[in-house]
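Residue numbers (this note's numbering): 555 to 735.
What follows is the structure, encoded as structure tokens:
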């Protein structure tokens with residue numbers, strides 16, 4: 555059976571191997587250790603975009619009164635096993651307690667696709683900051699140092715876990731910036 559929207563999954567104790575995380579600089583307090591299942595009907599003002607790994611949504615979560623990002627798995631035919639694996643990874647991700655990692659808000663099913671919902675990062679990615687000279691003509695050295703330091707802190711946290719977690723996909727487009735940048 556699928557887990558119904560609005561339910562919560564408690565954290566399992568097994569940590570699977572993660573293939574990637576989005577390292578960010580977010581100072582929001584962490585949620586509880588339960589993973590919400592987000593219903594498509596909770597979201598409005600949905601905009602789609604194509605990313606390197608699949609489809610990403612920006613939406614407004616009405617009950618939480620906040621913008622969210624939903625990264626959808628590329629396989630629409632995801633079955634029960636895929637859904638349970640996503641729940642497992644989401645629950646394990648949520649146990650991470652570091653202000654420099656993108657907090658997981660829940661999992662979502664959108665038009666047959668499974669996805670992971672996270673906080674929307676209003677200032678985009680480090681890639682945008684580096685390459686969009688029209689928006690950002692100069693990248694101040696103190697800001698560069700602060701970003702590098704915060705990324706290093708996030709990676710250090712992941713590597714200090716037992717067992718250590720490796721990012722496997724660290725690049726400027728995966729370094730997301732919150733409103734403090």
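We put the CB at the ideal spot given by N, CA and C, even for glycine.
Give me the Cα-Cα distance between residue i and residue j, rounded to the nearest whole angstrom.
i	j	result
residue 622	residue 635	25 angstroms
residue 598	residue 710	37 angstroms
residue 683	residue 620	23 angstroms
residue 731	residue 656	10 angstroms
residue 646	residue 615	23 angstroms
residue 589	residue 662	11 angstroms
residue 648	residue 601	25 angstroms
Run the CB neighbour count on residue i, radius 10 Å, all protein chains shown included, and call it buried at 16 or more, exposed below.
i	result
residue 617	exposed
residue 658	buried
residue 685	exposed
Do residue j and residue i come within 8 angstroms of each other at the CB atom, strictly closer than that value?
i	j	result
residue 712	residue 719	yes
residue 624	residue 679	no
residue 641	residue 626	no
residue 660	residue 591	yes
Below 7 angstroms CB to CB, which residues in the same chain sit around residue i once its five sequence neighbours on both sides are set aside?
i	result
residue 695	none
residue 715	none
Can you give me the Cβ contacts of residue i inside the same chain, cut-off strictly under 6 angstroms, excluding the 5 residues immediately before and after it?
i	result
residue 707	654
residue 603	610
I want to check one thing, is the minimum distance from the CB of residue i to the heavy atoms of the ligand NAP below 7 angstroms?
i	result
residue 700	What this structure holds is no ligand at all, so the ligand NAP is not there to describe.
When you compare each of the options to residue i by their alpha carbons, which one comes out closest?
i	options	result
residue 644	663, 670, 726	670
residue 735	676, 714, 666	676
residue 681	725, 595, 668	725
residue 595	651, 664, 652	664
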